[in-house]
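To start, the structure under review is shown below, and the notes come after it.
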Amino acid sequence: MQKRLGVEATIKNLFTAEFDNGIVDKDGELLIFESSIQLLPSNIETYSLLELENPERTDLFNDYGFISEQGRTYLYQETVIAFSIVEGDATEIAMALLQYEEYLIAKEHCNNEIIYFMDKTYEDLIKKVAAAYDINIHIFDLDK
Numbered sequence: 008m009q010k011r012l013g014v015e016a017t018i019k020n021l022f023t024a025e026f027d028n029g030i031v032d033k034d035g036e037l038l039i040f041e042s043s044i045q046l047l048p049s050n051i052e053t054y055s056l057l058e059l060e061n062p063e064r065t066d067l068f069n070d071y072g073f074i075s076e077q078g079r080t081y082l083y084q085e086t087v088i089a090f091s092i093v094e095g096d097a098t099e100i101a102m103a104l105l106q107y108e109e110y111l112i113a114k115e116h117c118n119n120e121i122i123y124f125m126d127k128t129y130e131d132l133i134k135k136v137a138a139a140y141d142i143n144i145h146i147f148d149l150d151k
């Protein structure tokens, strides 16, 4: 999972050669940059994006993200919460995952763990299910 910055490029002349060097991907009029860009005009709308490198997308995915022209998977950071299951009994983890399943947007396989993505408004649900099944979770701080 990598952070990216999306910028609407409806006015093409705003993007000179100095900005072209930082473009890593695009999706229609949305230009995707490796990281935040300094000196953007204040009237340019930007989006914080999460690029998933090994995703499993669910049917809910298109409400929270997109697949770029280069086939990369992105989620709008402001709309999602990310968590992993740290420990718990295998049966209890499986039961919790059944509860989470209908709310999952995507899963990311990263460094021998699975990161789960859900709508950020479900943070309390995530915690309550974890408590009910006596499993430990880690909620990622996506702003860092």
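Residues in the sequence shown are numbered from 8 upward in steps of one, following my numbering.
A virtual CB, placed ideally from N, CA and C, is assigned to each residue, including glycine.
When we look at the beta-carbon of Ile-146 and count the other beta-carbons within 10 Å, is it buried (16 or more) or exposed? Ile-146 comes out exposed.
For Thr-65, I'd like the list of residues in its chain whose CB is within less than 7 Å of its CB, leaving aside the five on either flank, ordered along the chain. Same-chain partners within the cutoff: Leu-111, Ile-112, Ala-113.
Indicate whether Ser-91 and Tyr-123 have their beta-carbon atoms separated by less than 8 Å. yes
Give a yes or no on contact between the stretch 54-61 and the stretch 90-109, applying the rule of three or more CB pairs nearer than 8 Å. no
Based on Cα-Cα distance, which residue from Phe-68, Glu-130, Thr-98 lies nearest to Glu-115? Phe-68
Within the continuous alpha helix (DSSP H) that includes Asp-131, where are the two ends? 130-139
Helix, strand or coil: how does DSSP classify Glu-25 here? For Glu-25, the pLDDT reaches just 49, beneath the cut-off of 50, and the residue's location in the model is therefore unreliable, although a value from the coordinates is still provided. Looking at Glu-25 - three-state DSSP - the assignment turns out to be helix.
Would you grab the beta carbon distance between Tyr-129 and Ile-100 for me? Rounded to a whole angstrom, and I think it's under 8 Å. Actually they are not in contact, since the Cβ atoms of Tyr-129 and Ile-100 sit about 18 Å apart, beyond 8 Å.
Considering only the beta carbon of each residue, do Lys-61 and Val-93 sit closer than 8 Å? Note that residue 61 is Asn in the sequence shown here, rather than Lys. Asn-61 is not a Cβ neighbour of Val-93, given a cutoff of 8 Å.
Please classify Ala-137 as buried or exposed, where buried requires at least 16 other C-beta atoms within 10 Å of its C-beta. buried
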